[in-house]
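Novice: For reference, the structure I am asking about is given below.
Here is the structure:
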């Protein structure tokens, strides 16, 4: 039974990328449902799928995040993983869809859940904004940029991930893009501009472009509703599978599940101290070389195919 990939709103459940993309489970209105109803819904998911990975953004309402942690605590379950990457909402939705693609493969729940942190390295996420006066999530935005944003008609291209960057959007200026082939997903808000599709997309040499609706959480994340959010991503399941399976797997010393990286997403355990490993030589733990949050992730080989 494939692991369930859940999101916290219907607008975070993107349409399938391919025929193997599994549907997203939408945990809508968690903060409004009676607690016993929310508990029953999540328990039913665990009973049906065995493991559940909830992917949500840092701009989700605080009440929703609190309810997620409450549910996980009350159910006392190590089969529920809560994953909140430091990405804008559209990129979070893209990442959740990539996990939905991988959920159809022969990956264990621990490896699949851990793959989320690895795949963030291959996303380029940003937005075109009409103002950066209230943007506080991207550190490159300073007072000078704020002052320029007060000029009527100014628009700014902001890259939030992987490396924060800000440019004044003109036909001659673009943001640094990926060095490998990607598709571009664009979510239009109430901002009139073709800069993303006519200037940025050609400069990034994207291999395909799709459009969707702007997530409801984007206005809070970017500090304005006048935005066009974008995310460059790897669409090919075979490439995603290659990236994940190329990382050495280990076994969580606490819950015994197969994982990649230095932290189990389900039980939150990290490798024990070296002294413990010496005292218990039979215990298996990951080394620093296995960590997925490396500075320079491997370049994807897009000619690979799943056997």
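Residue numbers (our numbering): 15 to 321.
Positions of the beta carbon are idealized from the N, C-alpha and C atoms, including for glycine.
Computed from a predicted structure; not experimentally measured.
Assuming residue 227 is part of the beta strand (DSSP E), what are its boundary residues?
Specialist: Position 213 of the chain shown, counting from 1, holds the residue named residue 227. It spans 222–227 - the beta strand (DSSP E) in which residue 227 sits, taken as one unbroken run.
Novice: Would you call the region 79–86 and the region 214–223 in contact, with 3 or more CB pairs under 8 Å?
Specialist: Cβ pair count under 8 Å is below three, so no.
Novice: Can you check which of these residues, 21, 123 and 43, is closest to residue 108 by C-alpha distance?
Specialist: On the chain shown, residue 108 is found 94 positions in, with the first residue counted as 1. It is 21 whose Cα lies nearest to the Cα of residue 108.
Novice: CA-CA distance, residue 15 and residue 119?
Specialist: As a first step, residue 15 must be located in the chain shown, where it is residue number 1. As a first step, residue 119 must be located in the chain shown, where it is residue number 105. When rounded, the distance between both Cα atoms is 11 Å.
Novice: Nearest CA to the CA of residue 45: which residue from 250, 131, 169 and 76?
Specialist: To locate residue 45, count along the chain shown from 1; it is residue 31. Checking every option, the nearest Cα to that of residue 45 belongs to 76.
Novice: Write down the C-beta distance between residue 131 and residue 275 rounded to the nearest angstrom, noting that I regard them as a contact closer than 8 Å.
Specialist: Working through the chain shown from its first residue, we reach residue 131 at position 117. Working through the chain shown from its first residue, we reach residue 275 at position 261. That belief holds up - the Cβ atoms of residue 131 and residue 275 are roughly 6 Å apart, short of 8 Å.
Novice: Spatial neighbours of residue 64 within its chain, please: CB distance less than 6 Å, with the 5 preceding and 5 following residues excluded, ordered by chain position.
Specialist: Your numbering for residue 64 matches position 50 in the chain shown. Within the same chain, residue 64 has close Cβ partners 15.
Novice: Pick out whichever of 206, 105 and 260 has its Cα sitting closest to the Cα of residue 232.
Specialist: Here residue 232 refers to the residue found at position 218 of the chain shown. Taking only the C-alpha atoms, the option nearest residue 232 is 105.
Novice: When burial is assigned at 16 or more other CB atoms within 10 Å of the CB, is residue 165 buried or exposed?
Specialist: The sequence position of residue 165 within the chain shown is 151, counting from 1. Exposed, because fewer than 16 other Cβ atoms sit within 10 Å of the Cβ of residue 165.
Novice: Using 8 Å as the Cβ pair cut-off and three pairs as the minimum, do the region 145–155 and the region 182–191 touch?
Specialist: no
Novice: Report the three-state DSSP secondary structure of residue 17 (helix, strand or coil).
Specialist: Here residue 17 corresponds to residue number 3 of the chain shown, with the count starting at 1. Coil, per DSSP.
Novice: Can you tell me whether residue 202 is helix, strand or coil according to DSSP?
Specialist: The residue labelled residue 202 in the question sits at position 188 within the chain shown. Per DSSP, reduced to three states, the secondary structure at residue 202 is strand.
Novice: Would you mind stating whether residue 10 and residue 138 have Cβ atoms separated by less than 8 Å?
Specialist: Because the chain in this structure spans residues 15 to 321, residue 10 falls outside the shown range and cannot be described.
Novice: I need the DSSP call for residue 197, collapsed to helix, strand or coil.
Specialist: Position 183 of the chain shown, counted from the start, is the residue given in the question as residue 197. It is a strand residue.
Novice: Report the partner residues of residue 264 according to the DSSP bridge assignment.
Specialist: Position 250 of the chain shown, counting from 1, holds the residue named residue 264. Paired residue(s): 273.
Novice: Can the beta-carbon of residue 228 be found closer than 8 Å to that of residue 246?
Specialist: In the chain shown, counting from the first residue as 1, residue 228 sits at position 214. In the chain shown, counting from the first residue as 1, residue 246 sits at position 232. No, the pair does not count as a contact, with Cβ atoms beyond the cut-off.
Novice: Start and end of the beta strand (DSSP E) containing residue 247?
Specialist: The count along the chain shown starts at 1 and reaches residue 247 at position 233. Unbroken beta strand (DSSP E) run through residue 247: 241–247.
Novice: Suppose you measure from the CA of residue 33 to the CA of residue 242; what does that come to, to the nearest Å?
Specialist: If you number the chain shown from 1, residue 33 lands on position 19. If you number the chain shown from 1, residue 242 lands on position 228. A direct Cα-to-Cα measurement between residue 33 and residue 242 gives close to 28 Å.
Novice: What do you get for residue 113, buried or exposed, if any count of 16 or more other CB atoms within 10 angstroms of its CB means buried?
Specialist: Locating residue 113 in the chain shown gives position 99, where the first residue counts as 1. By the 10 Å Cβ count, residue 113 comes out buried.
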